[in-house]
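The numbers in numbering that gives the first Met the number 0 rise by one with no breaks, and the one at position 247 of the sequence shown is 246. Below: one structure, written as structure tokens.
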Amino acid sequence: MRNKRVLLLSEGFGAGHTQAAYALSDSLRMLSPDIQTHVLELGTFLHPTLAPWILTAYRKTVSKQPKLYGLVYRSQYKKSLNRISQLALHRIFYAQAAEVIRQLKPDAIVCTHPFPNVVISRLKRFGLTVPLCTVITDYDAHGTWVSKEVSTYLVSTPDVKRKLLIRGIPSERIQVTGIPIHPNFWERHNREELRSHFGLKRLPTVLVMGGGWGLVKNEDFLTDLIRWRDRIQLVVCLGSNEKALAELKKDERFQHPHIRLLGFTKEIDKWMEVSDLLITKPGGMTCTEGLAKGIPMLFYKPIPGQEEENLQYFTQHGFGEPIKSAETVAHWFRFLVEHYPDLEKRRGSLRRRTDAYHPADCSRAIINMLQG
């Protein structure tokens, strides 16, 4: 008998959706080495020339016209995509999806983005029998995720489950598992060894993420950070934004022994471990990773829509707060400097509050679905 195959489908509209797919892929193979996994950003795979143009247009809209994006998000909040929109999405962008599934022969399909979820749901209405598992990668449930063809929903919190129940999804199809993150984020490391590994001093350390979405283009924000560089170590992660990384490296203000500039790294779990504060956009994946590491968070200008909902969840539960002004940053930085020896106790308290969820819960639910 052949090994079970899981096809994980995502899209590149924000890195979190695809990160969740790869996190599940790694976790599934760790729990059950005989499972074969395949991760695809479906639209990019089917249209490698067209997809980058669409993703670039999306990023520009979100960055330069966030109010417009928020208006669209809210106007469609309680609605699934109608049949005409589903058909158009399928015909224009995903017409070959059925052939991909026929060739890969998965035993289960897992979607971490609403668009492939819509496409696979439509294929199931017309005869596809492969079980469909949908993983909602935010702390909200927008209507575009909702489809009666989904076999199992894996969601972040009981509140998200409640929202799906209101929209008519049966309770037995919804499991509260938390958002899947890479198993590395649940490992614990010796912070002194990590400081030595990264060449850091024993000083309060702040990790800044979100370079791909304009966070580091705010000159006032950068000035507020830099004025603390003699008392606090700043680690600025720009991800795949090579242009922004090159610009900051040329900026004399960032040529300081207490400032580290990072591009894309596979060690972000370790950088979080060695940091005392995370400043980030409130994306579902990054916030969940920070939560797993027990690191307090400051949230920078949420995108209207799902990031606002993420911000509300993490703020209400005491895991962080929004940056309302320069004083918010100054208040936290003063706290780090004045109470540095006591920070470990605070971090341990945050970590204990994540014990309700285990990083493997999503993967175990998928394995159970395969065995069912």
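C-beta atoms are modelled at their ideal positions from N, C-alpha and C, and glycine is treated no differently. Bear in mind that the values here come from a model prediction, so they are computed numbers and not experimental data.
Residue range of the alpha helix (DSSP H) that Ile135 falls in? By one-based count along the sequence shown, residue 135 stands at place 136. Counting along the chain, Ile135 falls outside any alpha helix (DSSP H), and DSSP gives it neither H nor E.
Exposed unless 16 or more other CB atoms sit within 10 angstroms - verdict on Phe318: Translated into positions along the sequence shown, residue 318 becomes position 319. Classification for Phe318: buried.
So, do the segment 314-333 and the segment 179-191 have three or more beta carbon pairs nearer to each other than 8 Å? No, because fewer than three Cβ pairs between the segment 314-333 and the segment 179-191 fall closer than 8 Å, the two stretches do not touch.
Contacts around Ile180, its chain only, beta-carbon distance under 7 Å, and the 5 residues preceding and following it disregarded: On the sequence shown, position 181 is the one that residue 180 refers to. Excluding its 5 nearest sequence neighbours in each direction, Ile180 has C-beta neighbours in its own chain below 7 Å: Ala22, Met284, Thr287, Glu288, Ala291, Pro358, listed in chain order.
Three-state class that DSSP yields for Glu266 in the structure shown: Against the sequence shown, residue 266 aligns to sequence position 267. Note: Glu266 maps to coil in three-state DSSP.
In terms of residue numbering, what span does the beta strand (DSSP E) encompassing Ile258 cover? By one-based count along the sequence shown, residue 258 stands at place 259. First-last of the beta strand (DSSP E) with Ile258: 258-261.
With Lys205 as the anchor, note down where its alpha helix (DSSP H) starts and where it stops. For the purposes of this step, residue 205 is taken as residue 206 along the sequence shown, with counting starting at 1. In the sequence as displayed, the identity of residue 205 is Val instead of Lys. In the DSSP annotation of this structure, Val205 is not part of any alpha helix (DSSP H); the continuous beta strand (DSSP E) holding it starts and ends at 204-208.
Assign Pro358 to one of three DSSP states: helix, strand, or coil. One-based indexing of the sequence shown puts residue 358 at position 359. In the structure shown, Pro358 sits in coil (DSSP, three-state: anything other than H, G, I, E or B).
Taking Cβ positions, are His117 and Ser150 nearer each other than 8 Å? Working through the sequence shown from its first residue, we reach residue 117 at position 118. Working through the sequence shown from its first residue, we reach residue 150 at position 151. Per the sequence shown, residue 117 should be read as Val rather than His. In terms of Cβ geometry, Val117 and Ser150 do not form a close pair [threshold 8 Å].
Residue from Thr36, Ser26, Ser274 whose Cα sits closest to the Cα of Lys104: As a first step, residue 104 is located in the sequence shown; it is residue number 105 there, counting from the start. For the set Thr36, Ser26, Ser274, the Cα lying nearest the Cα of Lys104 is the one of Thr36.
Around the C-beta of Phe125, are 16 or more other C-beta atoms found within 10 angstroms, so that it is buried, or is it exposed? Indexing the sequence shown from 1 puts residue 125 at position 126. Per the 10 Å Cβ criterion, exposed.
Option in Trp270, Ile366, Ala97, Val235 with minimal Cα separation from Ser195: Along the sequence shown, read from residue 1 onward, the residue named residue 195 stands at position 196. Ser195 has its Cα closest to that of Trp270, out of Trp270, Ile366, Ala97, Val235.
Given 8 Å, three or more beta-carbon pairs between the segment 163-176 and the segment 331-340: Between the segment 163-176 and the segment 331-340, the count of Cβ pairs shorter than 8 Å is below three; the stretches do not touch.
Residue burial classification, Gln305 (beta-carbon count within 10 angstroms, cutoff 16): Here residue 305 corresponds to residue number 306 of the sequence shown, with the count starting at 1. Gln305 counts as buried, since at least 16 other C-beta atoms from the protein chains shown sit within 10 angstroms of its C-beta.
Beta strand (DSSP E) segment containing Val175, residue limits: Counting from one through the sequence shown, the residue named residue 175 turns up at place 176. 173-175 is the extent of the beta strand (DSSP E) around Val175.
For Gln102, the first and last residue of its enclosing beta strand (DSSP E): As a working note, residue 102 is residue 103 in the sequence shown. First-last for Gln102: 96-103, but that is the alpha helix (DSSP H), not the beta strand (DSSP E).
Name the DSSP beta bridge partners of Gln232, please? Taking the first residue of the sequence shown as 1, we reach residue 232 at position 233. Gln232 pairs with Thr204.
In the structure shown, what three-state DSSP assignment does Arg124 receive? Here residue 124 refers to the residue found at position 125 when the sequence shown is read from its first residue. If DSSP states are grouped into helix, strand and coil, Arg124 belongs with the helices.
Please work out which residues of its chain come closer than 6 Å, Cβ to Cβ, to Gln18, disregarding the five sequence neighbours upstream and downstream, and give them in chain order. Locating residue 18 in the sequence shown gives position 19, where the first residue counts as 1. Closer than 6 Å at the Cβ level, and outside the excluded window around Gln18, lie Met284.
So, are the CB atoms of Pro182 and Asp25 less than 8 Å apart? Counting from one through the sequence shown, the residue named residue 182 turns up at place 183. Counting from one through the sequence shown, the residue named residue 25 turns up at place 26. Yes.
Local Cβ density within 10 Å of Phe332, reported as buried at 16 or more and exposed below that: Against the sequence shown, residue 332 aligns to sequence position 333. The residue is buried, with at least 16 neighbouring Cβ atoms inside 10 Å.
So, helix, strand or coil for Gly42, using DSSP? Position 43 of the sequence shown holds residue 42. Gly42 falls in the helix class under three-state DSSP.
Option in Cys110, Asn367, Phe334, Val5 with minimal Cα separation from Ile178: Working through the sequence shown from its first residue, we reach residue 178 at position 179. Checking every option, the nearest Cα to that of Ile178 belongs to Cys110.
Please state the DSSP three-state secondary structure of Pro321. Against the sequence shown, residue 321 aligns to sequence position 322. Strand, per DSSP.
Who are the near neighbours of Ser9 in its chain, counting only those whose CB is closer than 8 Å to its CB and skipping five residues on each side? Within the sequence shown, residue 9 is the residue found at index 10, counting from 1. Excluding residues within five positions, the ones whose Cβ falls inside 8 Å are His16, Thr17, Ala19, Ala20, Val38, Leu39, Glu40, Leu41, Cys110, Thr111, His112, Pro115.
My output table needs one value for Gln254: the three-state DSSP class, helix, strand or coil. As a first step, residue 254 must be located in the sequence shown, where it is residue number 255. Coil at Gln254, not helix or strand.
Which word fits Pro301, buried or exposed, when buried means at least 16 other C-beta atoms lie within 10 angstroms of its C-beta? As a working note, residue 301 is residue 302 in the sequence shown. With 16 or more Cβ atoms within 10 Å of its Cβ, Pro301 is classed as buried.
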